[in-house]
Amino acid sequence: MVDPPADATLADFLRRAERLLVLTGAGISTESGIPDFRSPGGVWTRYDPRQMTFDRYVESAEVRAMSWAMRREFFAAGARPNRGHLAIAAMEAEGRSVGVITQNIDGLHQEAGSQTVVEIHGTARTVGCIGRRPRWGTPDGCGFSADTTWAFQRIDEGDPDPACPTCGGLVKSATISFGQAMDTTSMDAAAELMARADAMLVVGSSLQVHPVAGMPVDAVDRGLPLAIVNREPTPLDHLADVVVHGSAGDVLG
Ligand code: NAD
């Protein structure tokens, strides 16, 4: 277990960690051109989060159309990994990090070269069948899965609400919506990474969305030192050994 001095800098913190666990949120990708949710201009200033629940998706063709529009906008930016993603990938390549747990759905950590990435909110890069009438926020699909471009192609061909080609069920992006049950496989993988880590670095998360918001608390409870890099203060800054308020790319790159 690393033990940073009281006045440790981020550089000290990173030098001492041997098995760093990196926890990222939407802020790591804003420098790639993908807006976060809560900042001015963020996704929630343009789409109504109350409509973006799993149940609303199941109930309403209009909500599904809005979701596909949002996905298309997401990919239209042609985002590429930035200095922050690359720095995090380098830490793993150099054997100093056990991997990344991310709230992001953009796949940019993998594109940057990170090998061990737990996407606890799923990925926008693929879609899957969730069944005809899934209940209790739990997908009930037949197993059909495809690249997201499959759905865009169907929509471009004039079908605004593409159904599963195997069973006729609803098709949804492989992301976890509000009100949708978490994927236990990724939660288990996150716990496994946490068990192997000797320090935690949080980058670009408002730390307001659970379960990620609980992970730094867990880390500190286990005696792991914590560093937070975020543009603005988070509710967990007081728990951290090192806090840097700045842009991820500038700070890590
Ligand atoms: P958030 O929008 O709540 O918070 C992002 C935080 O990052 C903010 O506190 C902001 O000040 C900070 N930030 C913005 N740009 C930064 C930068 N360049 N460097 C450092 N900090 C920066 O996002 P969240 O905490 O990740 O959680 C919200 C949800 O948003 C998650 O569930 C996630 O799935 C989803 N989301 C993902 C993406 C993506 O995949 N890129 C984009 C938007 C939202």
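Here the sequence shown stands for residues 1154 to 1406, numbered as in the numbering used here.
The beta-carbon is built from N, C-alpha and C at its ideal position, and this holds for glycine as well.
- In this structure, the beta-carbon distance from residue 1176 to residue 1335 does not fall below 8 Å.
- Spanning the alpha carbons of residue 1253 and residue 1266 requires a straight line of approximately 11 Å.
- An exposed status is given to residue 1215, since fewer than 16 other beta-carbon atoms sit within 10 Å of its beta-carbon.
- Taking the C-beta atoms as reference points, residue 1174 is found no nearer than 8 Å to residue 1380.
- Linking residue 1295 to residue 1234 through their CA atoms gives a straight-line distance of about 33 Å.
- Counting the other Cβ atoms within 10 Å of the Cβ of residue 1395 gives 16 or more, which makes it buried.
- About 6 Å separates the CB atoms of residue 1328 and residue 1277; that is less than 8 Å, so the two are in contact.
- Taken through DSSP and simplified to helix, strand or coil, residue 1398 comes out as strand.
- Rounded to whole angstroms, the separation of the alpha carbons of residue 1236 and residue 1204 is 34 Å.
- Taken in chain order, the complete beta strand (DSSP E) segments of 3 residues or longer contained in the stretch 1291-1373 are 1298-1300, 1323-1328, 1352-1356.
- In the DSSP assignment, residue 1241 falls within the unbroken alpha helix (DSSP H) covering 1236-1246.
- Between the stretch 1219-1232 and the stretch 1300-1313, the count of C-beta pairs closer than 8 Å reaches three or more; the two stretches touch.
- Less than 8 Å divides the Cβ of residue 1271 from the Cβ of residue 1343.
- The Cβ neighbour count for residue 1370, taken over all protein chains shown within 10 Å, is under 16; the residue is labelled exposed.
- If you draw a straight line from the Cα of residue 1288 to the Cα of residue 1333, it comes to about 10 Å.
- The DSSP-derived three-state label of residue 1171 is coil.
- Only residues of its own chain outside the window of five on either side were considered, and among them 1382, 1397 have a CB closer than 6 Å to the CB of residue 1404, listed in chain order.
- In the three-state reduction of the DSSP assignment, residue 1212 falls in the helix class, which pools H, G and I.
- Under the DSSP definition of a beta bridge, residue 1382 partners with 1356, 1397.
- Within its own chain, the residues whose Cβ lies closer than 7 Å to the Cβ of residue 1185, once the five positions on either side in sequence are excluded, are 1232, 1233, 1234, 1235, 1261, listed in chain order.
- Put simply, the backbone Cα of residue 1310 is about 13 Å away from that of residue 1316.
- Chain order is used for the residues whose beta-carbon lies nearer than 5 Å to a heavy atom of the ligand NAD, namely 1178, 1179, 1180, 1182, 1183, 1184, 1187, 1189, 1190, 1191, 1256, 1257, 1258, 1259, 1274, 1357, 1358, 1359, 1362, 1383, 1384, 1385, 1400, 1401.
- The C-beta distance from residue 1293 to residue 1284 rounds to 3 Å, short enough to meet the 8 Å contact threshold.
- Spanning the alpha carbons of residue 1325 and residue 1357 requires a straight line of approximately 26 Å.
- Collapsing the DSSP output to three states places residue 1220 in a helix.
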